[in-house]
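Using UniProt numbering, you'd call the opening residue of the sequence shown number 1 and step up by one each time. All C-beta atoms, glycine included, are put in the ideal place defined by N, C-alpha and C. It should be emphasised that the depicted structure is a prediction, and the values quoted were computed from it without experimental measurement. The block underneath contains the structure these notes are about, expressed in structure tokens.
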Amino acid sequence: MVELEGHYSLRAFAAERNHQFESLRQQLMRLKQEVEKERPELINRKDDCIADFTAQQRELRRRAESVRSRSAPREPIRSRDETRRGMGKFMEINKYKDNHISPEFPPITGYTGHIPRIKGSEASLSQRYHCVAKKGLELIRSERDKRKELQNADKAIKTILKEDGKRYSYWNWG
Numbered sequence: 001m002v003e004l005e006g007h008y009s010l011r012a013f014a015a016e017r018n019h020q021f022e023s024l025r026q027q028l029m030r031l032k033q034e035v036e037k038e039r040p041e042l043i044n045r046k047d048d049c050i051a052d053f054t055a056q057q058r059e060l061r062r063r064a065e066s067v068r069s070r071s072a073p074r075e076p077i078r079s080r081d082e083t084r085r086g087m088g089k090f091m092e093i094n095k096y097k098d099n100h101i102s103p104e105f106p107p108i109t110g111y112t113g114h115i116p117r118i119k120g121s122e123a124s125l126s127q128r129y130h131c132v133a134k135k136g137l138e139l140i141r142s143e144r145d146k147r148k149e150l151q152n153a154d155k156a157i158k159t160i161l162k163e164d165g166k167r168y169s170y171w172n173w174g
């Protein structure tokens, strides 16, 4: 019986709150109508604020555009000829150098970011970056070698199957 009374009192409380909310909403609507009748300039004030803001933004954009159009264009730090000459010199120096990634050293000296084929848990604090990078690059090389072996084996099988010449003696049985 106590629970039913408590439940009933909660319903009564909720109904009373809804009634109070509804009466407050009606009072607010009446006040709004009175303000609209007495001072209509306050109602459209929001629209005026938005219009003022857009006008100010338009003016600021116009000023920024005029300043930007009057300023001189930026010159490159180095001329194209100097850059081309430097690139040519670099290519001449490094023409005969080996371009493949060595498993002995990481590709970029001092880089301590992502290591290929190594999970974060494997690269613990006890290992040096150099050792972990070496391990990752060795994994990549071994994967490439395995893939190459499989491709070569696949090619060999296909060439054997395509050959029409019957070189084995069991073809002649029968």
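Which residue wins for smallest C-alpha separation from residue i, given the options the options?
i	options	result
Y129	P116, I140 and D52	P116
So, at 6 Å on beta carbons, what are the nonlocal neighbours of residue i in its own chain, with the 5 sequence-adjacent residues on each side left out?
i	result
F53	none
In this structure, how does DSSP classify residue i when only helix, strand and coil are distinguished?
i	result
K119	coil
A130	One point to set straight first is that residue 130 is His, not Ala, in the sequence displayed. Of the three classes helix, strand and coil, the one that applies to H130 here is helix, per DSSP.
I77	coil
H19	helix
K97	coil
Does any residue of chain B bring its CB to less than 8 Å from the CB of residue i?
i	result
S142	No chain B appears in this structure, which consists of one protein chain only.
Can you round the beta-carbon distance between residue i and residue j to whole angstroms, since I take them to be within the 8 Å contact cut?
i	j	result
I157	K135	Contact flag wrong, Cβ pair sits at about 33 Å.
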